[in-house]
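Residue numbers (this note's numbering): 673 to 860. Worksheet: one structure, shown below.
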Amino acid sequence: METQKTLEAGKVWLIGAGPGDPDLLTVKAARLIAQADALVFDHLVGDGIMDLARADARRIYAGKEASNHTLPQASINNLLVELAREGLSVVRLKGGDPFIFGRGGEELEALAASGIPFEVVPGITAAAGCAAYSGFPLTHRDHAQAVTFVTGHLKDGTVNLDWPAIARPCQTIVFYMGIGAAGEICRQ
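Right, dumping it as structure tokens:
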């Protein structure tokens, strides 16, 4: 894999790092990680994936865990814009897929509003990766004809979801970030 700096300066790539296994990255994601000037990465991005980055690349941790955000989302958005305006090629590396509860949409909006060129590189979402690795089909002709991804908490911290729509038969329900609300989720 070529690791020379050949990426477009002043551009941001929103990359899904998948479920943590470097072998599950897309070839494009691995190439971009290896060439980037700066990487802004999340908590769920494994060391094996970060090992692909150039030794001289800037590495900025922007991880979020329950009630512990290294940087608020608005600060991450501003950081991406600032790094691109410095003329750096920037990889925003997110666990799973950037658009499945990854706030990639918010980051994309901030980049677009600031006139920063960007590209999205999808990743294997955690639900698909974890289910497949454990031998659990999210859909099955005989049992689940649909799959629904649901947040385990809303932006306001509640779990005021559309429970009748979520709890329909013949579908698999995948809750993201639901540990704190597990009791209410099970009750509903």
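We treat Cβ as the ideally placed atom computed from N, Cα and C, and that holds for glycine.
Starting from residue i and walking both ways along the beta strand (DSSP E), at which residues does that stretch end?
i, result
"Arg-764", "762-766"
"Leu-711", "710-713"
"Gly-855", "Per DSSP, Gly-855 belongs to no beta strand (DSSP E); it is in the alpha helix (DSSP H), 854-859."
"Gly-776", "Segment 776-785 is the alpha helix (DSSP H) holding Gly-776; no beta strand (DSSP E) there."
"Ile-732", "730-733"
"Glu-791", "790-793"
"Ile-687", "684-688"
Which residue wins for smallest C-alpha separation from residue i, given the options the options?
i, options, result
"Thr-830", "Gly-850, Phe-773 and Ile-687", "Gly-850"
"Phe-847", "Pro-836, Pro-841, Val-819 and Asp-723", "Val-819"
"Val-753", "Asp-769, Phe-821 and Ile-788", "Ile-788"
"Pro-841", "Thr-811, Thr-742, Ala-746 and Pro-691", "Thr-811"
"Glu-779", "Asp-814, Ile-687 and Gln-843", "Ile-687"
"Ala-800", "Glu-758, Pro-691, Lys-683 and Phe-713", "Pro-691"
"His-815", "Ile-845, Thr-823 and Lys-683", "Ile-845"
"Ile-772", "Ala-803, Thr-823 and Phe-808", "Thr-823"
"Ala-784", "Ala-756, His-715 and Gly-852", "Ala-756"
"Arg-813", "Gln-843, Cys-802, Leu-696 and Glu-856", "Gln-843"
Examine the ligand NAD and report whether any of its heavy atoms sits within less than 6 Å of the Cβ of residue i.
i, result
"Pro-694", "Among the components modelled here there is no ligand, and therefore nothing to report on the ligand NAD."
By Cβ distance, which residues of its chain are closer than 7 Å to residue i, with the 5 residues on each side in sequence left out?
i, result
"Val-717", "Ala-689, Leu-765 and Gly-767"
"Thr-678", "Gln-707"
"Lys-700", "Val-793"
"Ala-681", "Gly-759, Leu-760 and Ser-761"
Between residue i and the rest of its own chain, which residues show a CB-CB distance below 6 Å, the 5 nearest in sequence each way excluded?
i, result
"Ala-854", "none"
"Ile-748", "Ala-734"
"Glu-791", "Trp-685"
"Ala-725", "Ile-705 and Leu-711"
"Ala-782", "Asn-749"
"Pro-694", "Gly-720 and Ile-721"
Could you give the first and the last residue of the continuous alpha helix (DSSP H) run that contains residue i?
i, result
"Leu-752", "745-757"
"Val-717", "That residue, Val-717, is in no alpha helix (DSSP H); it is neither H nor E in DSSP."
"Leu-704", "699-707"
My guess is that residue i and residue j are in contact by the Cβ rule of under 8 Å, so how many angstroms apart are they, rounded?
i, j, result
"Leu-743", "Ala-710", "No, Leu-743 and Ala-710 are not in contact; Cβ-Cβ is about 14 Å, not under 8 Å."
"Ile-796", "Asp-769", "7 Å"
"Gln-745", "Arg-775", "6 Å"
"Gln-817", "Ala-839", "Rounded, the Cβ-Cβ distance is 15 Å, inconsistent with contact."
"Arg-730", "Phe-713", "In fact, because the Cβ distance is near 11 Å, the residues do not count as touching under 8 Å."
"His-825", "Gly-852", "6 Å"
Note to self: What ranges does the beta strand (DSSP E) occupy inside the stretch 804-850, keeping only unbroken runs of at least 3 residues that lie completely in it?
What the structure shows: Counting only runs of 3 or more, we get 818-823 and 843-848.
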